[in-house]
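For reference, the structure is listed below as structure tokens.
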Ligand SMILES: Nc1nc2c(ncn2[C@@H]2O[C@H](COP(=O)(O)OP(=O)(O)OP(=O)(O)O)[C@@H](O)[C@H]2O)c(=O)[nH]1
Ligand SMILES: [Mg+2]
């Protein structure tokens, strides 16, 4: 009889993600035990320019640490990071994500946007595999619970991640912080039946996001088309009632708008329905 038990992979892949300067590379170095593995520095610009990985043997396991480029809230940088992350995912699937957040500074609107970007772009399978890793533990003057208690946004970030949180002091050589993190990693992997996050999961989320954008774009074009139709038909007199109807209809109702007697409007609405059509086609192709 075939047994249906998930095998525990012998290599554990851990990916660090987070804002620029949050301490991703420093945390990677703490796990790997060699401070110069990943370049770490204090800088307003992203220090890590390319995603990199390194491996080590720890507590009888092979651990791959994947350090990523810093994310910040500008579209150019986000686009660059997006392509970097996509590339590294072709090389490594991920057992556990560490969402790196720096303690001891205000959790700004920008930090919040970066977390949102990560969650949106990695999709629903992200939170199931994520531990929030707080760095700069040495700068805390009390228990981390008190710190969390003071910031609802941060608490909600932690609550949404299945792996909870962990605190690192990257200036401390104490290995127990890494041992503890690996225990949390182990139980999270078990919870996910050792199923990794893959390149396909990322691509699927990207496709879904694209589809959403297409539909939103089509709705906007259609709404403009319907609005213009109302004005044109009303100005032409007589067609007012039809125009009212046209504006009440949603995207993809080009025929109704044609009845309002405006070829320009029909074209606008046709664009709207065309985009919808393309979006549908795209979905069926997947
Ligand atoms: N005191 C203290 N400093 C830390 C800690 N973690 C990181 N740092 C310092 O914070 C600075 C930024 O750390 P990095 O690891 O380079 O940050 P990063 O997230 O990799 O930054 P980018 O690659 O630019 O995205 C460095 O000077 C680190 O040495 C910590 O726990 N305590
Ligand atoms: Mg870095």
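Numbering (my numbering), first residue to last: 51 to 336. Using N, Cα and C, we set each Cβ at its ideal position, and we do this for glycine too.
- Between the region 190-207 and the region 220-240, the count of C-beta pairs closer than 8 Å stays below three; the two stretches do not touch.
- In this chain, the alpha helix (DSSP H) harbouring residue 194 covers 194-199.
- By the Cβ neighbour-count rule, residue 69 is buried, with 16 or more other Cβ atoms within 10 Å of its own.
- In this structure, the C-beta of residue 226 stays at least 6 Å away from each heavy atom of ligand 1.
- By the Cβ criterion, the region 143-155 is not in contact with the region 105-112, since fewer than three pairs of Cβ atoms, one from each stretch, lie closer than 8 Å.
- Secondary structure at residue 209: helix, using DSSP grouped into helix, strand and coil.
- Not one heavy atom of ligand 2 lies closer than 6 Å to the C-beta of residue 177.
- Ranking 112, 94, 67 and 77 by CA distance to the CA of residue 101 puts 67 first.
- Collapsing the DSSP output to three states places residue 82 in a helix.
- Across the structure, residue 267 and residue 64 are spaced so that their CA atoms are roughly 37 Å apart.
- Counting along the chain, the unbroken alpha helix (DSSP H) around residue 238 starts and ends at 226-241.
- In the DSSP assignment, residue 63 falls within the beta strand (DSSP E) that extends over 61-68.
- With contact defined as three or more Cβ pairs closer than 8 Å, the region 129-146 and the region 82-89 are not in contact.
- No residue range can be given for residue 144, since it is assigned to no alpha helix (DSSP H) and is classified by DSSP as neither H nor E.
- Put simply, the backbone Cα of residue 248 is about 21 Å away from that of residue 164.
- Among the bridge pairs identified by DSSP, residue 121 is matched with 69.
- Note: residue 152 is bridge-paired with 185 in the DSSP secondary-structure output.
- Contact between residue 114 and residue 61 holds, since their C-beta atoms are separated by about 6 Å, short of 8 Å.
- Beyond the five residues adjoining it in sequence on each side, residue 172 comes within less than 7 Å, by CB distance, of 252 and 255 in the same chain, given in chain order.
- When the five nearest sequence neighbours on each side are left out, the beta carbons in the same chain lying within less than 6 Å of the beta carbon of residue 91 are those of 97, in order along the chain.
- Using a 10 angstroms sphere on the CB of residue 179, the tally of other CB atoms reaches 16 or more, which defines it as buried.
- As the crow flies, the alpha-carbon of residue 121 is around 16 Å from that of residue 76.
- Distances from the CB of residue 120 to the heavy atoms of ligand 1 include at least one below 6 Å.
- For residue 88, the CB contacts under 6 Å within the same chain, skipping 5 residues up- and downstream, are 75, 78, 79 and 117 in chain order.
- Residue state for residue 108 is assigned as strand, using DSSP reduced to three classes.
- When the alpha-carbon of residue 212 is set against those of 270, 95 and 236, the nearest one is in 236.
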